[in-house]
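So the structure is just underneath, and the comments pick up after that.
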Amino acid sequence: MSTVTVPAPRAGRAARPTGSSTDNSRLLAWTTVNTVIIVVSIVPVLWLLSLSFKTPASIPDSHFIPRHWTLENYRGIFGTSLFTRALLNSIGIALISTFLAVLLASMAAYAVARLRFPGKTVLVGFALLISVFPQISLVNPLFNLWRELGLFDTWPGLIIPYLTFGLPLGIYTLSAFFREIPWDLEKAAQVDGATPYQAFVKVIAPLAAPGMVTTAILVFIQCWNDFVFAISLTSTNRSRTVPAAIAFFSGASQFAQPIGSIAAAAVIITIPIILFVLFFQRRIVAGLTSGAVKG
Amino acid sequence: MTADTEVASRAAGRRAGGRGTAPHRPGGPAPRARSWLYLGPATISLAVWVYGPLVFTGVLSFLHWNLVSDHPSWAGLGNYARLVDQPEFPHAAWHTLLYAVGILPFATVVPMALAIMLWKKPGAVSTGYRALLFLPVVLAPVANAIAWQFILDPLQGAANGLLQDAGFGPRNWLGDPATALPVIVLITAAKVVGLNLLLFGAALASLDRRTLEAARLEGATEWETTRFVVVPQLRRTAVLLGLLSLVVVWPWIFTNVAVLTQGGPNGATDNVYYRLYTYAFTFFDAGTASAAAIVISLAFAVLLGAYAVLGRRRADPGPGSGPAGSGPGPAGARPERGRSHASV
Chain Z
2 MSTVTVPAPR AGRAARPTGS STDNSRLLAW TTVNTVIIVV SIVPVLWLLS
52 LSFKTPASIP DSHFIPRHWT LENYRGIFGT SLFTRALLNS IGIALISTFL
102 AVLLASMAAY AVARLRFPGK TVLVGFALLI SVFPQISLVN PLFNLWRELG
152 LFDTWPGLII PYLTFGLPLG IYTLSAFFRE IPWDLEKAAQ VDGATPYQAF
202 VKVIAPLAAP GMVTTAILVF IQCWNDFVFA ISLTSTNRSR TVPAAIAFFS
252 GASQFAQPIG SIAAAAVIIT IPIILFVLFF QRRIVAGLTS GAVKG
Chain B
4 MTADTEVASR AAGRRAGGRG TAPHRPGGPA PRARSWLYLG PATISLAVWV
54 YGPLVFTGVL SFLHWNLVSD HPSWAGLGNY ARLVDQPEFP HAAWHTLLYA
104 VGILPFATVV PMALAIMLWK KPGAVSTGYR ALLFLPVVLA PVANAIAWQF
154 ILDPLQGAAN GLLQDAGFGP RNWLGDPATA LPVIVLITAA KVVGLNLLLF
204 GAALASLDRR TLEAARLEGA TEWETTRFVV VPQLRRTAVL LGLLSLVVVW
254 PWIFTNVAVL TQGGPNGATD NVYYRLYTYA FTFFDAGTAS AAAIVISLAF
304 AVLLGAYAVL GRRRADPGPG SGPAGSGPGP AGARPERGRS HASV
């Protein structure tokens, strides 16, 4: 604990700014900026939540706290196969893509982190290039290819691009994590009489697990949130995920929008995200700042 | 130095000694074969499903092909010529530039100022604030877009309700060419600010707080300390994050445009990203869409090239020059020896 002795009259532990008038006006400006930022960041979610509990008649009023509460919107969307099927598609596609991406990325990251081989730089460079690659450039060729191959509007048709765009994210994050693992412990355990299997399961796996969980969360979020591929490579309920379904209902319908239902659907896809933020924020941030970029 | 990309460099700072011993090889197949065993599946997936289609796009861009015709015909540079000749694409490109200019402050100055503020006053409030701003980073872009659609709805939206309460007339925010693009920029900005706040935070975490104390001891005010001690050390990070944001922001803008305006009103919110989508899925014109894809990819390559060059050159002053671009993977475009990684 280092106590700073600053020759200022009100120097507290953290050397607070002295309250001059410029500081005050700056404070005011800051408060304004911060308010705007918080509003833009938080209001959308709160507003969706509010709308999703409103009765159709009370939706146009701009009261944040609904005057007439209802669960009808949620009952409604879970009563139609349109939404439940889309939710199933979202969950299934995101989980499978995440599993495959983390599996393949772990193997690759292991090699990147531990082995020397020629062409490593080039290889990793090309892999990482994809993480910023304009996905939209791939949408059209994939659309044409998928129609030829019969993959259009199927689960694999989305899993493949999600997997490939999850890979660079995974390789990058995992190789950063893997580099921090004291691999010598593996040998040490074997010297102490553990079998290679035991050494891996009891020593290395627990050390690698946090990184893999973090990576899985990041990749899952990326797949779960994807919109570009979802609207381009699906056309029916067979494989349409919730983000695509939401856009489909809100943008394309000629009749009055079922605002309450759409809001409820948007709330449902936000729930896992909120849970991640609540329970894994620190990890996600560590993963994002060490590696990936697409939230 | 070993062959390393920035991926490799993250750990370097922490355990500089560990690197020499890293490639240890227990028994088994020869190292090279072993490497490819591990790398094979990922590499092949990427080659087949990303680089393959990209080459396919390149080929398509020289063909006339739509959904109806079975046999694509040779177009030469016709598709590219059409991009330039018709007003839509240059218009979209111009608006893409407007988006970029609009997004830049939210990618650099705003999150930097916020990050410095939070860094200077750590505590429960800062932590809570950070958590609030983190939500948009991971929120589904489509949920964000749909929320704003409801809020800004000219007839039923809350925004106009509030405006009327305050005595202003209603506005059609997204239907007015003058306000549509700025609105899209603003609602996309939340995500950019949140993400870059984290990355600036990571950069700040590795900044030496003693420089601050020294400045204070010299009698510098809080503002002077920030302006002349902290900000200069973040300048490099800001440049890199600015470039990086211009690379990654488009899918988010695309989502907002697709949900909220479909490029309208009158092309006001159009951009090359959305235009490409229109070519491909409204007109089913694979040739023109592919030409647009190639043009966009080249533009990205230029941005990434700038990123790589800046990332390397500015790193030269040595480790004291503050944390580098702190993280985001895409730097991997080129091997970046200079980049260090701020770890949280």
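From first to last, the protein sequence lines stand for chains Z and B.
Take the position in the first sequence, starting the count at 1, then add 1; the result is the number in my numbering.
Take the position in the second sequence, starting the count at 1, then add 3; the result is the number in my numbering.
Heads up, the beta-carbon is just placed ideally off N, CA and C, and yes, glycines get one too.
query	result
Which runs of the alpha helix (DSSP H) at least 4 residues long sit entirely within the region 200-262 of chain Z? Give them in chain order.	206-226, 229-233, 243-252
Less than 8 Å between the beta carbons of N25 of chain Z and A265 of chain Z, yes or no?	no
Among the residues of its own chain, which have a CB less than 8 Å from the CB of I160 of chain Z, if the five just before and after it don't count?	I94, I97, S98, L101
Is V286 of chain Z helix, strand or coil by DSSP?	helix
Taking only runs of the alpha helix (DSSP H) that begin and end inside the region 105-189 of chain Z, which ones reach a length of at least 4 residues, in chain order?	121-130, 137-150, 156-180
Can you confirm whether F303 of chain B, when its beta carbon is compared against all beta carbons of chain Z, has any partner nearer than 8 Å?	yes
How big is the Cα-Cα spacing for R27 of chain Z and L279 of chain Z?	32 Å
So within the region 196-253 of chain B, which uninterrupted alpha helix (DSSP H) runs reach at least 4 residues, ignoring any that extend past its ends?	212-220, 225-228, 234-251
Looking at the unbroken alpha helix (DSSP H) that takes in D62 of chain Z, where does it start and where does it end?	It is not in any alpha helix (DSSP H) - D62 of chain Z carries neither H nor E in the DSSP assignment.
CB-CB under 7 Å to V252 of chain B, same chain, minus the five flanking residues each way: which ones, in chain order?	I106, T191, V195
Taking the alpha helix (DSSP H) that T60 of chain B belongs to, which residues open and close that run?	55-63
Do I182 of chain Z and A209 of chain Z have their C-beta atoms closer together than 8 Å?	yes
Which same chain residues, not among the five before or five after G30 of chain B, have their C-beta less than 6 Å away from its C-beta?	In this prediction, G30 of chain B scores a pLDDT of 48, lower than 50, which makes its location untrustworthy; no coordinate-derived value is stated.
What does a CB cutoff of less than 6 Å around A14 of chain B pick up in its chain, not counting 5 residues either side in sequence?	Note that A14 of chain B scores 39 on pLDDT, short of 50, meaning its location in the model is unreliable; the coordinates nonetheless yield the value given after this. Hits under 6 Å: none found.
What is the rounded straight-line gap between the Cα of F230 of chain Z and the Cα of Q136 of chain Z?	8 Å
Which residues in the same chain have their Cβ closer than 7 Å to the Cβ of P197 of chain Z, if we skip the five residues on either side of it in sequence?	Q191
Can you tell me the Cα-Cα spacing of I92 of chain Z and W225 of chain Z, whole angstroms?	8 Å
Please say whether F179 of chain Z and G212 of chain Z have beta carbons closer to each other than 8 Å?	yes
So, under 8 Å CB-CB, F65 of chain B and R278 of chain B are touching, yes? Tell me the CB distance rounded to an integer number of Å.	With 8 Å as the limit, F65 of chain B and R278 of chain B do not qualify as a contact, their Cβ atoms being about 19 Å apart.
Alpha helix (DSSP H) containing L166 of chain B: first to last residue?	161-168
Check whether chain Z comes within 8 Å of V53 of chain B, counting only Cβ atoms and requiring the distance to be less than that.	yes
Ignoring anything shorter than 4 residues, give me the alpha helix (DSSP H) runs that lie fully in the region 85-122 of chain B, in order along the chain.	91-110
Taking Cβ positions, are F54 of chain Z and P67 of chain Z nearer each other than 8 Å?	yes
Can you name the residues of chain Z whose CB is closer than 7 Å to the CB of N147 of chain B?	P45
Does any CB atom of chain B fall closer than 8 Å to the CB of V111 of chain Z?	The residue asked about is misnamed: residue 111 of chain Z is Tyr in this sequence, not Val. Chain B, which has a Cβ nearer than 8 Å to the Cβ of Y111 of chain Z, makes this yes.
Residues in the region 142-175 of chain Z with C-beta within 9 Å of chain A's C-beta atoms, listed in sequence order?	The chain labelled as chain A is not found among the protein chains of the depicted structure, namely Z and B.
Can you pull the chain Z neighbours of G164 of chain B, defined as C-beta to C-beta under 7 Å?	S63
Relative to the C-alpha of V214 of chain Z, which candidate in Z:T155, Z:A128, Z:F281, Z:Q223 has its C-alpha closest?	Z:F281
Which residues, in order along the region 250-270 of chain B, keep a beta-carbon less than 8 Å from a beta-carbon of chain Z?	V250, V251, W253, P254, F257, T258, A261, V262, Q265
Starting from N175 of chain B, trace the alpha helix (DSSP H) both ways and give me its first and last residue.	First-last for N175 of chain B: undefined, no H or E at that position.
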